[in-house]
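>
In my numbering, the protein residues as written are 17 to 340.
(1) Kindly identify the DSSP beta-bridge partner or partners of residue 92.
(2) Throw me the rounded Cβ distance for the residue 208 and residue 149 pair, which I believe falls under 8 Å.
(3) Got a sec, what are the start and stop residues for the alpha helix (DSSP H) residue 50 sits in?
(4) If residue 133 and residue 261 are in contact, beta carbons under 8 Å, what's the gap, nearest whole angstrom?
(5) Using alpha carbons as the reference points, say which of 318, 329, 200, 237 lies closest to residue 283.
(6) Verify whether the separation of the beta carbon atoms of residue 153 and residue 217 is less than 9 Å.
(7) Below 8 Å on the Cβ atoms is my contact criterion, and I expect residue 308 with residue 299 to pass it. Report the Cβ-Cβ distance as a whole number of Å.
(8) Determine the burial state of residue 311: buried for a count of at least 16 other Cβ atoms within 10 Å of its Cβ, exposed for fewer.
(9) Would you kindly check if the distance between the Cβ of residue 130 and the Cβ of residue 258 is under 9 Å?
(10) What do you reckon, are the CB atoms on residue 239 and residue 324 nearer than 9 Å?
(11) So what's residue 213 in DSSP terms, helix, strand or just coil?
(12) Which class does residue 281 belong to by DSSP, given the choice of helix, strand or coil?
(13) When the Cα atoms are used, what is the spatial distance from residue 328 to residue 224?
(14) Roughly how many whole angstroms lie between the Cα atoms of residue 116 and residue 75?
(15) Alpha helix (DSSP H) containing residue 157: first to last residue?
(16) In three-state terms, what does DSSP make of residue 221?
(17) Measure from the alpha carbon of residue 359 to the alpha carbon of each residue in 185, 245, 163, 292, then state which is nearest.
(18) From 228, 322, 314, 273, pick the residue whose C-alpha is nearest to that of residue 95; which is it?
(19) Does DSSP put residue 240 in a helix, in a strand, or in coil?
(20) How would you call residue 78, buried or exposed, if buried means at least 16 neighbouring beta carbons within 10 angstroms?
(21) Using beta-carbon positions only, say whether residue 32 and residue 121 come within less than 9 Å of one another.
(22) Compute the Euclidean distance between the alpha carbons of residue 305 and residue 174, then round it to the nearest angstrom.
(23) Looking at chain C, is there any beta carbon in it that lies within less than 9 Å of the beta carbon of residue 262?
(24) Where residue 227 and residue 139 are concerned, what is the direct C-alpha to C-alpha distance, given to the nearest angstrom?
(25) Below 8 Å on the Cβ atoms is my contact criterion, and I expect residue 194 with residue 187 to pass it. Report the Cβ-Cβ distance as a whole number of Å.
(26) Residue 160: which of 320, 237, 211 sits nearest, CA to CA?
(27) Unbroken alpha helix (DSSP H) runs of length 4 or more, entirely within the region 89 to 149: which are they?
(28) Do three or more CB pairs link the region 85 to 99 to the region 63 to 75 at distances below 8 Å?
(29) How many whole angstroms separate the CB atoms of residue 274 and residue 297, which I take to be in contact at a CB cut-off of 8 Å?
(30) With DSSP run on the structure shown, which of helix, strand or coil describes residue 305?
(31) Which of the three DSSP states, helix, strand or coil, is assigned to residue 270?
(32) Please name the residue in 166, 45, 113, 271 whose C-alpha comes closest to that of residue 198.
(33) So what's residue 192 in DSSP terms, helix, strand or just coil?
Shown next as structure tokens:
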């Protein structure tokens, strides 16, 4: 058994390691120089604005003088805004809507690109495969303003869906989809899936392209048909990618969205469409409660961070695969 060497007892070992690391950094100095612009942008646009989180703990109100003077001289109120969010009666409704829409989108939208990627991969004709792939990821590049108008038109009383339902005699009169609160959650889930399914499938198609062809050859030699090859070769090879993306998806479980809810909601479904982001926008910007909006946003970020850490730790323990 090899003896474990303590660098504190043998400082020369630690010095040699640091020397090798420094030489390696000098050899790769141009690579580090290329990373520098992205690092600067990350510091400025991601970490710099984090000082604004202090707004969640003060009673900020814009007034005379500069922003920084008002910001740093506002009254410190501690967790008052968090307490107000938890006790004002909106907390249950907002969390219910956010979790319902996020979990439904996750339930429907997470396996959809996996299935689509496998189906595209199994298509033999190259031209048809390229056409399907292009058509499937085009909705991702359509803004939610245009997508919301398409959804409203399709689901309107005279839209395609109602015409189809009536022609099949499944309903006697048009269904008011966007005026039904319980249907709104499903509309958001299917809309998110339709818009992002094709683009997310690109990640899985790239992972499938990296699978060793010899695995498929060995499966064919063993008598496996296309279905068995997909089940025993393709899906297990996609497992690392699925685990990483699932961890990221769980971290976004409170990020139900903003554009789609804001553009599709109306007063009749507000009790079912209002999520954390739209709630923060309405109170923080429209009503001028900047500190309250900051507190609600910080609460969402903290919960998302905790979820990522927990799911990543669980995945590392169970599957020996993790994000970090």
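Here a beta-carbon is modelled for each residue, glycine too, at the ideal position from N, C-alpha and C. Quick caveat: nothing in here was measured; it's all calculated off a predicted structure.
Looking at the atomic coordinates:
(1) Walking along the chain shown from the start, residue 92 turns up at place 76. As DSSP reads the structure, residue 92 sits in a beta bridge with 74.
(2) On the chain shown, residue 208 is found 192 positions in, with the first residue counted as 1. On the chain shown, residue 149 is found 133 positions in, with the first residue counted as 1. No, residue 208 and residue 149 are not in contact; Cβ-Cβ is about 20 Å, not under 8 Å.
(3) On the chain shown, position 34 is the one that residue 50 refers to. 45 to 58 is the span of the alpha helix (DSSP H), which, as asked, contains residue 50.
(4) As a position in the chain shown, residue 133 is number 117, starting the count at 1. As a position in the chain shown, residue 261 is number 245, starting the count at 1. Rounded to whole angstroms, the Cβ separation of residue 133 and residue 261 is 12 Å, and the two are not in contact under 8 Å.
(5) Within the chain shown, the letter at position 267 stands for residue 283. Selected option, being the one with the closest Cα: 200.
(6) Taking the chain shown and counting its residues from 1, one reaches residue 153 at position 137. Taking the chain shown and counting its residues from 1, one reaches residue 217 at position 201. Taking 9 Å as the Cβ cut-off, residue 153 and residue 217 qualify as a contacting pair.
(7) Taking the first residue of the chain shown as 1, we reach residue 308 at position 292. Taking the first residue of the chain shown as 1, we reach residue 299 at position 283. Right, their Cβ atoms sit about 5 Å apart.
(8) By 1-based counting over the chain shown, the position of residue 311 is 295. The residue in question, residue 311, is buried, as its Cβ has 16 or more Cβ neighbours within 10 Å.
(9) Position 242 of the chain shown, counting from 1, holds the residue named residue 258. Position 114 of the chain shown, counting from 1, holds the residue named residue 130. Yes. Within cutoff.
(10) On the chain shown, residue 239 is found 223 positions in, with the first residue counted as 1. On the chain shown, residue 324 is found 308 positions in, with the first residue counted as 1. Against a cut-off of 9 Å, the Cβ pair of residue 324 and residue 239 comes out as no contact.
(11) As a first step, residue 213 must be located in the chain shown, where it is residue number 197. In this structure, DSSP gives residue 213 a helical state, which the three-state scheme calls helix.
(12) As a working mapping, residue 281 is identified with position 265 in the chain shown. Correct three-state label for residue 281: coil.
(13) Taking the first residue of the chain shown as position 1, residue 328 is located at position 312. Taking the first residue of the chain shown as position 1, residue 224 is located at position 208. The alpha-carbon atoms of residue 328 and residue 224 are separated by roughly 23 Å.
(14) On the chain shown, residue 116 is found 100 positions in, with the first residue counted as 1. On the chain shown, residue 75 is found 59 positions in, with the first residue counted as 1. Annotation: residue 116 to residue 75 spans about 32 Å, alpha carbon to alpha carbon.
(15) Numbered from 1 along the chain shown, position 141 holds the residue referred to as residue 157. Unbroken run through residue 157: none, as it is neither H nor E.
(16) Here residue 221 is taken as the residue at index 205 of the chain shown, counted from 1. It is helical.
(17) Past the edges of the chain, shown from 17 to 340, lies residue 359, and the structure says nothing about it.
(18) Taking the first residue of the chain shown as 1, we reach residue 95 at position 79. Nearest of 228, 322, 314, 273 to residue 95, Cα basis: 314.
(19) Sequence index remark: in the chain shown, residue 240 carries index 224 (1-based). Secondary structure at residue 240: coil, using DSSP grouped into helix, strand and coil.
(20) For the purposes of this step, residue 78 is taken as the residue at position 62 of the chain shown. Classification for residue 78: exposed.
(21) Mapped onto the chain shown, residue 32 falls at position 16. Mapped onto the chain shown, residue 121 falls at position 105. Not closer than 9 Å, so no.
(22) Along the chain shown, read from residue 1 onward, the residue named residue 305 stands at position 289. Along the chain shown, read from residue 1 onward, the residue named residue 174 stands at position 158. Using only the alpha carbons, I get a separation of about 41 Å.
(23) Absent from the structure: chain C. Only one protein chain is present.
(24) On the chain shown, residue 227 is found 211 positions in, with the first residue counted as 1. On the chain shown, residue 139 is found 123 positions in, with the first residue counted as 1. Going from the Cα of residue 227 to the Cα of residue 139 covers about 17 Å.
(25) Position 178 of the chain shown, counting from 1, holds the residue named residue 194. Position 171 of the chain shown, counting from 1, holds the residue named residue 187. Actually they do not touch by this definition, with Cβ atoms about 16 Å apart.
(26) In the chain shown, residue 160 corresponds to position 144, counting from 1. The residue with the shortest Cα to Cα distance from residue 160 is 211.
(27) The region 89 to 149 is shown to contain whole alpha helix (DSSP H) runs of 4 or more residues at 96 to 103, 107 to 125, 127 to 138, in chain order.
(28) At 8 Å Cβ cutoff, the stretches touch.
(29) By 1-based counting over the chain shown, the position of residue 274 is 258. By 1-based counting over the chain shown, the position of residue 297 is 281. With 8 Å as the limit, residue 274 and residue 297 qualify as a contact, their Cβ atoms being about 7 Å apart.
(30) Indexing the chain shown from 1 puts residue 305 at position 289. Residue 305: coil per DSSP, three-state reduction.
(31) Position 254 of the chain shown holds residue 270. The three-state reading of DSSP puts residue 270 in coil, since its state is none of H, G, I, E or B.
(32) Locating residue 198 in the chain shown gives position 182, counting from the first residue. Of the residues 166, 45, 113, 271, the one whose Cα lies closest to the Cα of residue 198 is 113.
(33) In the chain shown, counting from the first residue as 1, residue 192 sits at position 176. If DSSP states are grouped into helix, strand and coil, residue 192 belongs with coil.
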